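Take a look at the structure set out below.
There are 2 protein chains.
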Amino acid sequence: MENIRHRVGIRAPRPAVLTKLTTLDGLASWWTTDVAGDPEPGGKVEFRFGRPDRYVFMEVVDVTEDGVVWNCVGGPDEWVGGVVTFDLEQLPDETVLKFTQSWRDPVDFMFHCNTKWGVFLLSLKASLEGGEGTPYPRDLQISSWS
Amino acid sequence: MENIRHRVGIRAPRPAVLTKLTTLDGLASWWTTDVAGDPEPGGKVEFRFGRPDRYVFMEVVDVTEDGVVWNCVGGPDEWVGGVVTFDLEQLPDETVLKFTQSWRDPVDFMFHCNTKWGVFLLSLKASLEGGEGTPYPRDLQISSWS
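Going down the list, the protein sequences come from chains A and B. Counting in our numbering, the first sequence runs from -2 upward without gaps. Counting in our numbering, the second sequence runs from -2 upward without gaps.
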């Protein structure tokens, strides 16, 4: 088992960060504008990225003030069965978001997705700090893969 | 052993990417402007990031057209002894840069450095694609840690 791991500090209160992870409008503001479903615990959320084969289905496993856990139930083979966590910690000056995604193997696509998750988490950060989020299709292209 | 892993595609020929990794001017254009030393095989390069305790010393283990290998010989405890690799592959439309850094343990600082390496590698990419690199001290701040 391998893990993608990121950490960003966001100058916004923890509930505001949580809203970015637990509402369709919130998710649309940083990951992809093409999102649908139910982001509450037990729900399923569909994220799409243009081409018909570019989608991710996440089952919402847990939501607390400390963060969110998803289980990937559809999308790229390498993603399905993986767990995605967003841990939130309120510090005096910022909310720290720690992110993980589990992978079976460190394939090239994992390298790519690691870099791309960083781009999207910084998009989330920007969207809460007076800047603009850059969800798909306005996301930064990091290679010919996306 | 844990690994940080990134992948970016750069619309520039492989020798141009290699120059960014093997010359002081190249390194100064994307990682930190405060760089000194000898970036040739067997040499040692010092990278500094402002505060006196923020530095990294890298020993250059290998340089070929396929990439660069460094061994961290000074800097944060968590970095020292770790190996950093930049693998370069020339594809028809882009040069693919795959990056790794080995860590003993997945501490919070590893989460942070993973996200920050992505920022710097995208700085490298931008510096070769007609944009501007954002080396320290112009680097994007991802949290109160830097």
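C-beta: ideal position from N, C-alpha, C; glycine also. None of these values were measured; they are calculated from a predicted model.
Residues that DSSP places opposite residue i in a beta bridge
i, result
"Asp84 (chain B)", "B:Gly64, B:Lys95"
"Val53 (chain A)", "A:Phe44"
"Gly71 (chain B)", "B:Phe54"
"Trp100 (chain B)", "B:Glu(-1)"
"Asp31 (chain B)", "B:Arg45"
"Asp59 (chain A)", "A:Val66"
"Ile7 (chain A)", "A:Thr92"
Length of the line joining the Cα atoms of residue i and residue j
i, j, result
"Val77 (chain B)", "Asn68 (chain B)", "8 Å"
"Pro38 (chain B)", "Glu56 (chain A)", "49 Å"
"Val53 (chain B)", "Gly79 (chain B)", "11 Å"
"Ala25 (chain B)", "Gln98 (chain B)", "20 Å"
"Ser124 (chain B)", "Ala33 (chain B)", "20 Å"
"Arg2 (chain B)", "Val104 (chain A)", "10 Å"
"Leu119 (chain A)", "Phe96 (chain A)", "12 Å"
"Lys122 (chain A)", "Asp22 (chain B)", "31 Å"
"Ser140 (chain A)", "Ala13 (chain B)", "16 Å"
"Tyr133 (chain A)", "Gly40 (chain B)", "42 Å"
"Phe46 (chain A)", "Phe117 (chain A)", "13 Å"
"Thr16 (chain A)", "Gly127 (chain B)", "37 Å"
CB contact below 8 Å: residue i versus chain B
i, result
"Glu75 (chain A)", "no"
"Gly79 (chain A)", "no"
"Arg101 (chain A)", "no"
Any chain A beta carbon closer than 8 Å to residue i
i, result
"Asp90 (chain B)", "yes"
"Asn68 (chain B)", "no"
"Arg11 (chain B)", "no"
"Asp105 (chain B)", "yes"
"Lys95 (chain B)", "yes"
Residue i classed as buried or exposed, judged by whether at least 16 other C-beta atoms fall within 10 angstroms
i, result
"Ile29 (chain A)", "The residue asked about is misnamed: residue 29 (chain A) is Thr in this sequence, not Ile. Thr29 (chain A) comes out buried."
"Leu88 (chain B)", "exposed"
"Glu62 (chain A)", "exposed"
"Leu136 (chain A)", "At residue 136 (chain A) the sequence reads Asp, which differs from the Leu that was named. Answer is buried; the Cβ neighbour count reaches 16."
Quiz prompt | Members of the segment 108 to 142 of chain B that neighbour chain A once the beta carbon cut-off is set at 9 Å | solution = Taking 9 Å as the upper bound on Cβ-Cβ separation, chain A lies near residues Phe108, His109, Cys110, Asn111, Thr112, Lys113, Trp114, Gly115, Val116, Leu118, Leu119, Lys122, Leu137, Gln138, Ile139, Ser140, Ser141, Trp142 of the segment 108 to 142 of chain B.
Self-check item: Selection of the segment 43 to 57 of chain A by Cβ proximity to chain B, strictly under 9 Å
Solution: If the cut-off is 9 Å between Cβ atoms, the segment 43 to 57 of chain A has nothing near chain B.
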